[in-house]
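In terms of the working numbering, the sequence shown opens at residue 356 and continues consecutively. All C-beta atoms, glycine included, are put in the ideal place defined by N, C-alpha and C.
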Amino acid sequence: MAQLSAVSVGAGVTNVSRPKWMLVFRSRTAVVGLSLVGFWIIVALLAPVLPLYSPTEQDVMALMDPTPSAAHWLGTDILGRDVLSRLIWGARTVLVVAPLSVAVAMATGVTLGMLAGYYGGWVDALISRLSDVVLAFPVLVLYVILIATIGPSVINIGVATTIASAPGIGRITRSLVLGLKQQEYVAAAKLRAENTFYIMLVELLPNCRDMLIVDACLRLGYTIITIGILGFLGLGLPPPNPDWGGMVKDGTTVLNVWPHMSLAPSFAIVSLVLGFNLLADGLREAWKP
Numbered sequence: 356m357a358q359l360s361a362v363s364v365g366a367g368v369t370n371v372s373r374p375k376w377m378l379v380f381r382s383r384t385a386v387v388g389l390s391l392v393g394f395w396i397i398v399a400l401l402a403p404v405l406p407l408y409s410p411t412e413q414d415v416m417a418l419m420d421p422t423p424s425a426a427h428w429l430g431t432d433i434l435g436r437d438v439l440s441r442l443i444w445g446a447r448t449v450l451v452v453a454p455l456s457v458a459v460a461m462a463t464g465v466t467l468g469m470l471a472g473y474y475g476g477w478v479d480a481l482i483s484r485l486s487d488v489v490l491a492f493p494v495l496v497l498y499v500i501l502i503a504t505i506g507p508s509v510i511n512i513g514v515a516t517t518i519a520s521a522p523g524i525g526r527i528t529r530s531l532v533l534g535l536k537q538q539e540y541v542a543a544a545k546l547r548a549e550n551t552f553y554i555m556l557v558e559l560l561p562n563c564r565d566m567l568i569v570d571a572c573l574r575l576g577y578t579i580i581t582i583g584i585l586g587f588l589g590l591g592l593p594p595p596n597p598d599w600g601g602m603v604k605d606g607t608t609v610l611n612v613w614p615h616m617s618l619a620p621s622f623a624i625v626s627l628v629l630g631f632n633l634l635a636d637g638l639r640e641a642w643k644p
């Protein structure tokens, strides 16, 4: 009996000490999402070493028949450029622009939310009112206004993402901090005369981490869709940079004749966004208390 109890206790200790990230692999949803995202990351990383055409190189002979062939597996676009090459190099662009944009937005939003939730009073009122002003605009309209004003580029898309997303992230962080700052471990830190920066960084932020990681995954999906929409509207990355949204737009002029020009980048956008959304759902499922 004592031996059985020891085994039970040992099993319990092993389960508790397991790193939290390993719980992700117990969720099928998270594994599927991680597989989709991982596929595109691997493809993007291997782009320089894969035997691909240059994404800007034009094949004049393919202009007469841009359908998929042995030379061009996914065909060519209306300018004779290889669709597969532009798709893979476009993945590199998306997987750099979207994560960097969301990272800056998360850093800004979390900082503002921490300040608003922890200090309260006029600090909370000021940050909340400024956030309300930004959130009053539809997100896509706000993106279009910002990009049309400051011009399309990688940096400007990041700036627009920060302005559009930070208020929502700040609101989530604020609501979490309002509940957490009443906990005993925060009171104990104050009794130890810990400074505010320590309390926010060591006591509060780790307890907000799970929810913020899930939110970041969702926002990566939203950002990828937005980048695609901006490209479709002609406000994405300037040509000749491969842009999935721009590829969809270029293919719409011949959609009835050569649908592969629009379908390939559309599938890429859908699969990558679906991957991040499934990953977010899986993380929420795996990390729920």
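Beta-carbon spacing of residue i, residue j below 8 Å
| i | j | result |
| --- | --- | --- |
| residue 483 | residue 491 | no |
| residue 455 | residue 513 | yes |
| residue 392 | residue 619 | no |
| residue 384 | residue 558 | no |
| residue 509 | residue 400 | no |
| residue 536 | residue 473 | yes |
| residue 443 | residue 495 | no |
For residue i, the nearest candidate out of the options (CA to CA)
| i | options | result |
| --- | --- | --- |
| residue 390 | 628, 479, 613 | 628 |
| residue 410 | 573, 422, 431 | 431 |
| residue 468 | 528, 476, 451 | 528 |
| residue 407 | 507, 428, 567, 643 | 428 |
| residue 562 | 463, 588, 642 | 642 |
| residue 475 | 532, 508, 451, 447 | 532 |
| residue 493 | 522, 508, 507 | 522 |
| residue 440 | 534, 545, 544, 413 | 413 |
| residue 610 | 487, 421, 552 | 421 |
| residue 612 | 415, 377, 423 | 423 |
Close-in-space but distant-in-sequence residues of the same chain around residue i (CB under 7 Å, 5 per side omitted)
| i | result |
| --- | --- |
| residue 511 | 502, 505 |
| residue 599 | 445, 449, 583, 586, 620, 623, 624 |
| residue 635 | 569, 572, 573 |
| residue 368 | With a pLDDT of 41 at residue 368, under the threshold of 50, the modelled position of this residue cannot be trusted, and the question is left open. |
| residue 596 | 448 |
Own chain, CB closer than 8 Å to residue i, minus 5 neighbours either side, in chain order
| i | result |
| --- | --- |
| residue 457 | 516, 520, 571, 574, 575, 578 |
| residue 518 | 489, 497, 501 |
| residue 638 | 379, 382, 385, 565, 568, 569, 572 |
| residue 397 | none |
| residue 459 | 513, 516, 517 |
Status (buried if at least 16 other CB within 10 Å, exposed otherwise) for residue i
| i | result |
| --- | --- |
| residue 477 | exposed |
| residue 540 | exposed |
| residue 525 | buried |
| residue 631 | buried |
| residue 425 | exposed |
| residue 547 | exposed |
| residue 403 | exposed |
| residue 452 | buried |
| residue 543 | exposed |
| residue 594 | exposed |
| residue 601 | buried |
| residue 616 | buried |
| residue 462 | exposed |
| residue 555 | buried |
| residue 417 | buried |
Cβ shell of residue i (< 6 Å), same chain only, five flanking positions each side left out
| i | result |
| --- | --- |
| residue 466 | none |
| residue 387 | 633 |
| residue 395 | 446, 627 |
| residue 581 | 498 |
| residue 464 | 521, 524, 525 |
Touching by the beta-carbon criterion (3+ pairs, under 8 Å), the segment 432 to 439 and the segment 602 to 620: Contact holds between the segment 432 to 439 and the segment 602 to 620, because three or more Cβ pairs, one in each stretch, are under 8 Å apart.
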